[in-house]
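Let me begin by presenting the structure, written as structure tokens, before commenting on it.
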Amino acid sequence: MSRSVPSIHGQWSSRWAFILAATGSAVGLGNIWKFPYIAGENGGGAFVLVYLLCIACIGLPIMMAEVMLGRRGRQNPINSLETIAKDEQASPLWKYLGWSGIAAGFIILSYYSVIAGQAMAYIFRAFSGVFEGVTADGAENIYATLKQDPERLLAWHTLFMMITMTVVARGVQHGLEKTVRFLMPTLFLILILLVGYAASTGEYFNQAVSFLFKPDFSQLTSEGVLIAMGHAFFTLSLGMGAIMAYGSYLPKETSILQVSITIAIADTLVALLAGLAIFPLVFANDMQPSSGPGLIFETLPIAFGHIAGGEFFGGLFFTLLVFAAWTSAISLIEPAVAWLVENRNVSRRRACVYIGSSAWFVGLLTVFSFNIGSEWTLFGKTAFDLFDYLTANIMLPLGGLFIAIFAGWFMKQDSSTEELAITRPIFYHGWRILIRYVTPTAVVIIFLKGIGLLG
Ligand code: PHE
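Heads up: the sequence shown begins at 212 in this note's numbering, then just goes up one per residue.
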């Protein structure tokens, strides 16, 4: 039975508010920082193609499922799953799917904040003109100096976590809705401007276009396919309950199909634009596309150092990157905060402090993995690499898999028909085929191959 009572946390004021907030969650470091460097590390075109396929065939149906489950349950992911499981006469154990999501969100937030902190540091470097006329070596040095200083990273990480806690404490609707309304369009404009600059590099731009869009399958490994799929989950904020939590604040009459498509398209566009802004500079400056997590911190300063008004645009760009990260971080913490508020009778403010400060503490491991702890490894990975791999490539895909199974197999057809309320039957049936068969099969195969369990 669908619940007519709104969430105790309130509702989005309109369909657009939800689209902006969910796009704010989706568009973040994943698009601008992570997508270019993993595309670079995994050989470009073929990887991008797999990523796009994963967005369409896996990400979109799961996003619809998450929004649907959230709106039907009207509570935090754990309680929503528990309530729906009860209504559908499924096992109460489904609530643990909510728990694993909250755990994944917590781990992601811990390292996300450290990287967002680095972007914050770059706002000041850019505005103060440090990048003026900088060479590729110079840019690498500036980044290395930041990374190797644990105190600085710690200070920025702390600041970022604090601003995240502040917004969530004030309730999603007030601070957030207003901010994203202005920020998302501005981010888009700046990206287009940067692509314009990158396009002026002529042959390098063409080289970047073929790097990103001409698939060379010999470059693609099974692990690369797993990384592409994991990134589809990461970039759309799926598999951990963020979108489910946001869906629980969605007004009844909104079309889930429409909003989900809009969010997926906007998110993909931002990632591709980021790639088109960055790779021409990589090629023009003889840098390696596969240089890893430092890629944007080492390439973009070169562009900003050479264009008219570069200080201003550079500063603006990193400011917007921080805002994009901020609107994502908020959604990482929201499910856990909502759970504490609903189940432990804790005030929103207190809940934010508890969750935020614990994630901050775990984030120290990531801070140190860039400097004094770069030798501390497990399975050959530093703490940061391990957290990233564990969440994006294991926890989110598995979370998404079980969400698909729950929505497709355990929720009755009548219930999903009612909640999704898709007017054209063909779209509903298309979704149901994807969520029941295509998505789970694809996730299982890619996952097993990617971790090497399937030849
Ligand atoms: N989608 C965000 C990004 O691309 C990260 C994120 C993952 C946010 C999971 C919420 C939940 O940066």
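Cβ coordinates follow ideal geometry from the N, Cα and C atoms, glycine included.
Boundaries of the alpha helix (DSSP H) in which residue i is found, first to last residue
i: methionine 440; result: 433–446
i: aspartate 348; result: 347–358
i: asparagine 556; result: Per DSSP, asparagine 556 belongs to no alpha helix (DSSP H) and is neither H nor E.
i: arginine 282; result: 271–284
i: valine 216; result: Careful: valine 216 lies outside any alpha helix (DSSP H) and carries neither H nor E.
i: arginine 643; result: 636–644
i: isoleucine 489; result: 467–495
i: phenylalanine 590; result: It is not in any alpha helix (DSSP H) - phenylalanine 590 carries neither H nor E in the DSSP assignment.
i: lysine 306; result: 306–338
i: cysteine 265; result: 256–265
i: tryptophan 367; result: 361–380
i: arginine 226; result: 226–237
i: methionine 395; result: 389–410
i: threonine 294; result: 288–298
i: glutamine 624; result: 624–631
i: glutamate 414; result: 414–424
i: glutamate 252; result: 246–252
i: aspartate 193; result: With the chain covering only 212 through 666, there is no way to say anything about residue 193.
i: phenylalanine 515; result: 506–517
i: threonine 650; result: 650–661
i: glycine 458; result: 453–458
i: alanine 301; result: Segment: none, alanine 301 is in no alpha helix (DSSP H) and carries neither H nor E.
i: alanine 603; result: Where alanine 603 is concerned, there is no enclosing alpha helix (DSSP H), given that its DSSP letter is neither H nor E.
Residue i CB to nearest heavy atom of the ligand PHE below 8 Å
i: alanine 485; result: no
i: tyrosine 648; result: no
i: serine 321; result: no
i: phenylalanine 529; result: no
i: glycine 574; result: no
i: phenylalanine 371; result: no
i: phenylalanine 613; result: no
i: valine 238; result: yes
i: methionine 451; result: yes
i: phenylalanine 579; result: no
i: asparagine 287; result: no
i: alanine 514; result: no
i: glycine 241; result: yes
i: phenylalanine 445; result: yes
i: serine 459; result: no
i: serine 539; result: yes
i: glycine 316; result: yes
i: leucine 607; result: yes
i: alanine 250; result: no
i: alanine 536; result: yes
i: serine 667; result: Nothing about residue 667 can be reported from this structure: the residues present for the chain run from 212 to 666 only.
i: leucine 398; result: no
i: serine 542; result: yes
i: serine 448; result: yes
i: lysine 297; result: no
i: lysine 358; result: no
i: lysine 660; result: no
i: lysine 245; result: yes
Contact set for residue i: own chain, Cβ-Cβ below 6 Å, skip 5 residues either direction
i: leucine 292; result: Trp305, Lys306, Leu308, Gly309
i: leucine 631; result: Met279, Ile467
i: tryptophan 571; result: Met372
i: valine 493; result: Pro500, Thr510
i: methionine 455; result: Glu277, Leu280, Gly281, Pro288
i: leucine 576; result: Ala594
Neighbourhood of residue i by C-beta, 8 Å cutoff - its chain only, sequence neighbours within 5 removed
i: leucine 548; result: Leucine is not the amino acid found at residue 548; the sequence shown has valine there. Once the five neighbours on either side are set aside, the close Cβ partners of valine 548 are Val379, Arg559, Ala562, Cys563, Ile566.
i: threonine 628; result: Tyr639
i: isoleucine 616; result: Pro651
i: phenylalanine 416; result: Ala409, Ala410, Leu487, Pro491
i: asparagine 582; result: Lys358, Gln359, Asp360, Pro361, Leu364
7 Å CB neighbourhood of residue i in its chain, flanking five on each side removed
i: leucine 260; result: Pro426
i: tyrosine 333; result: Phe508, Phe529
i: valine 649; result: Cys268
i: glutamate 351; result: Glu509
i: alanine 653; result: Cys268, Ile269
i: leucine 532; result: Ile243, Ala330
i: serine 459; result: Ser218, Gly281, Arg282, Gly284, Arg285, Gln286, Ser291
i: valine 578; result: Val325, Pro361, Leu364, Leu365, His368
Cβ pair count under 8 Å reaching 3, the region 471–482 against the region 293–305: Contact fails: fewer than three Cβ-Cβ distances are below 8 Å.
Three or more C-beta pairs under 8 Å: does that hold for the region 238–254 against the region 479–487? In short, these stretches touch, since the Cβ pair count reaches three.
Is there contact here, the region 436–445 with the region 249–256, by at least three beta-carbon pairs under 8 Å? At 8 Å Cβ cutoff, the stretches touch.
Do the region 526–541 and the region 227–239 meet, that is, are 3 or more Cβ pairs less than 8 Å apart? These segments touch.
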